[in-house]
């Protein structure tokens, strides 16, 4: 075998050498290069990252220009926020973070040390999910009033009739094995390895104290958007039915923000209960499973009505669940009953009839009295919890029945407010047989007015029992 000549060795070295000043592409002006970079980034965002590492001139051009990064970002995802666009560094940083998240979550067992960064990106994708709007023009014109503009800027990204690339990316990441791995290992610390609700040595049920568990609220909020048919019901029932996890304004924290760990437990448990009913042949509950299918169901609906900005008015269907009262007492007061609490993983709570609720918006809290039954004095809907004043509260009244075909014999009234973390809070009272029978607090899931509806807690007026409830728009 003969050694290569000096000329052939020089040619090989030149073919693998980095770009230099004599390379023809360097003779092009910056404007042409930026056009090339923009077209390359729109086809494949990875191309921009490669080009930025190819030559110093390319890197300088890309760092100083907004166009290529924005084109790559808009082609790969969607940016549904109102103008003006963010500054140049935002597009580059955000694109790299989202691509890092996609690459990391291809592994079914991603490194949990990246949980915080991955949750930030997933929350950004969730906030960018496009809405199903009645009329985008109405939502975007400033002359319709300050309230309407606030609705557009706070709650609703611009209308997109189809799922965007960003929506599809978010759905794929949310239903990936990697996300489930992160949730099961990082949603609750340090007791995440003790999810199993098992009896201890004295025969009683293990019940952790809320202060002994630290939750990743972002992971819990994201987990609620997917369908998890294998969730541990024992742990879910601990969070839903144990009184030590409750306070009068549950599922909200004392600063007015949402306790997504409890909302996640409520929504997941209600889904599993309804799924059992369908499996047992009760086909009338199939319509309740439809709002849980796919990313379409969490897309908000941009209401053209500035007064009813949350889409409160209309027909709602709901479901609620409860433990038998002796079992509830045994769970929460084992010393009083003297009985061993049920094993919550295998316990079967009752699911009530499907409830129908018809609501209409009133102008103020004082107008509730005009719609109330004779002789009834509605209670005050004021709350000590902080709320956001960026949107006005929505007061409403309505009637409710024990089933879709049952007589609407209960009067209801309540208010919808915006929380400090820009979520939609529902609070209302059901008046039945002469007194306020049930109090309900819940939070909207997904976008405002989404098909997923809202879920929360019901509580008897005397405060002697409580359970999960979920309502969705018919």
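Residue numbers (UniProt numbering): 1 to 474. Heads up, the beta-carbon is just placed ideally off N, CA and C, and yes, glycines get one too. All values reported here derive from a predicted model rather than from experimental measurement.
Using a Cβ-Cβ distance cut-off of 8 angstroms, determine whether residue i contacts chain B.
| i | result |
| --- | --- |
| residue 423 | As a matter of chain content, chain B is missing from the structure shown, which is built from one protein chain. |
Nearest-angstrom Cα distance between residue i and residue j?
| i | j | result |
| --- | --- | --- |
| residue 230 | residue 56 | 51 angstroms |
| residue 152 | residue 305 | Because residue 152 carries a pLDDT of 43, less than 50, the predicted location of this residue cannot be relied on, and no value is offered for it. |
| residue 289 | residue 26 | 59 angstroms |
| residue 422 | residue 376 | 33 angstroms |
| residue 115 | residue 62 | 29 angstroms |
| residue 233 | residue 308 | 36 angstroms |
| residue 108 | residue 180 | 9 angstroms |
| residue 251 | residue 458 | 10 angstroms |
| residue 332 | residue 213 | 19 angstroms |
| residue 74 | residue 329 | 55 angstroms |
| residue 90 | residue 315 | 42 angstroms |
| residue 121 | residue 170 | 10 angstroms |
| residue 390 | residue 23 | 57 angstroms |
| residue 157 | residue 346 | Residue placement at residue 157 is poorly supported in this model, since its pLDDT is 46, which falls under 50; the coordinates still yield a value, given next. Going from the Cα of residue 157 to the Cα of residue 346 covers about 43 angstroms. |
| residue 327 | residue 261 | 24 angstroms |
| residue 238 | residue 98 | 35 angstroms |
Compare the beta carbon distance of residue i and residue j with 8 angstroms and say whether it is the shorter of the two.
| i | j | result |
| --- | --- | --- |
| residue 455 | residue 263 | yes |
| residue 118 | residue 182 | yes |
| residue 291 | residue 451 | yes |
| residue 298 | residue 225 | yes |
| residue 321 | residue 301 | no |
| residue 272 | residue 126 | no |
| residue 392 | residue 256 | no |
| residue 310 | residue 424 | yes |
| residue 471 | residue 318 | yes |
| residue 473 | residue 442 | no |
| residue 240 | residue 419 | no |
Look up residue i in the DSSP assignment and say whether it is helix, strand or coil.
| i | result |
| --- | --- |
| residue 468 | strand |
| residue 408 | coil |
| residue 267 | helix |
| residue 181 | helix |
| residue 473 | strand |
| residue 234 | helix |
| residue 350 | strand |
| residue 441 | strand |
| residue 145 | No answer about residue 145 holds up, because its pLDDT of 44 lies below 50 and its placement is not dependable. |
| residue 124 | helix |
| residue 247 | coil |
| residue 362 | strand |
| residue 239 | helix |
| residue 200 | Interpretation of residue 200 is limited by its pLDDT of 36, a score under 50 that renders its predicted location unreliable; no figure is taken from the coordinates. |
| residue 220 | helix |
Assuming residue i and residue j are in contact, meaning their beta carbons sit under 8 angstroms apart, how far apart are those beta carbons, in whole angstroms?
| i | j | result |
| --- | --- | --- |
| residue 275 | residue 468 | That belief does not hold up - the Cβ atoms of residue 275 and residue 468 are roughly 14 angstroms apart, past 8 angstroms. |
| residue 427 | residue 395 | The Cβ separation is near 11 angstroms, so there is no contact. |
| residue 68 | residue 34 | 6 angstroms |
| residue 110 | residue 178 | 5 angstroms |
Q) Can you give, in chain order, each stretch of the alpha helix (DSSP H) that sits fully within the segment 366 to 397 and has at least 4 residues? A) Counting whole runs of 4 or more residues, the segment 366 to 397 contains the alpha helix (DSSP H) stretches 368 to 371.
Q | Every unbroken alpha helix (DSSP H) inside the UniProt domain "F-box" (22 to 72) [4 residues or more] | A | Scanning the UniProt domain "F-box" (22 to 72) from its first residue to its last, the whole alpha helix (DSSP H) runs of 4-plus residues come out as 30 to 43, 45 to 52, 56 to 64.
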